[in-house]
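Take a look at the structure set out below.
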Amino acid sequence: MDKLLLLLLLLGVFPAVFFQGLAPPTVCMVCSNFKRGHCLRGKSNCTMEQGPGCRTRDFFIFTERDGWRLNHTELDCWDYCLPSHWYYQTLKISVFCCKGRDFCNRYQGKGQG
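Just so we're aligned: the sequence shown equals residues -19 to -1, 1 to 94 in mature numbering (1 follows the signal peptide of the UniProt record, and there is no 0).
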């Protein structure tokens, strides 16, 4: 009986200890309005303990004269980040996700549609 109890204890504790050390927390940049290399509103950081991690969303506006032009970027943490491109009439939102490196969502100047 003692061996069974010890085995159950080890099976319950080992995964928690083992998996806790696999993925260290990731620190992400937060900015609700990032333009021309500067955060204009909502500058801070967030920490993702688990999950997909840091998110970058580029917002583009379409005009007949210029085509798709970057309007602004938002940076944050997001549990369910999926890389994607969303279109709604003259608005396009491009989503980029990253994890495993602090500030991996630091804006890289994508800027093209």
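The beta carbon of each residue, even a glycine, is placed where N, CA and C say it ideally should be.
Just so we're clear, the structure is a prediction, and the values are computed from it rather than from any experiment.
Can you have a look at residue i and say buried or exposed, based on whether 16 or more other CB atoms are within 10 angstroms of its CB?
| i | result |
| --- | --- |
| D39 | buried |
| T71 | exposed |
| G92 | Residue placement at G92 is flagged as unreliable, the pLDDT there being 46, under the threshold of 50; a coordinate-derived value is accordingly withheld. |
| residue 98 | No information on residue 98 is available, as it lies outside the stretch -19 to 94 that the chain covers here. |
| T54 | buried |
| F84 | exposed |
| R36 | buried |
| T44 | exposed |
| R82 | exposed |
The beta strand (DSSP E) spanning residue i covers which residue range?
| i | result |
| --- | --- |
| E55 | 48 to 59 |
Candidates the options: which alpha carbon is nearest residue i's?
| i | options | result |
| --- | --- | --- |
| C58 | K16, S25, D47, W49 | S25 |
| R87 | E30, W49, F15 | F15 |
| residue 98 | T44, N52, F77 | Only positions -19 to 94 of the chain appear in this structure, which leaves residue 98 out of reach. |
| L21 | Y68, C12, P5, P6 | C12 |
| G34 | M10, I74, R17, K73 | M10 |
| K80 | I74, G18, M29, H66 | M29 |
| F41 | P6, Y69, C27, V8 | Y69 |
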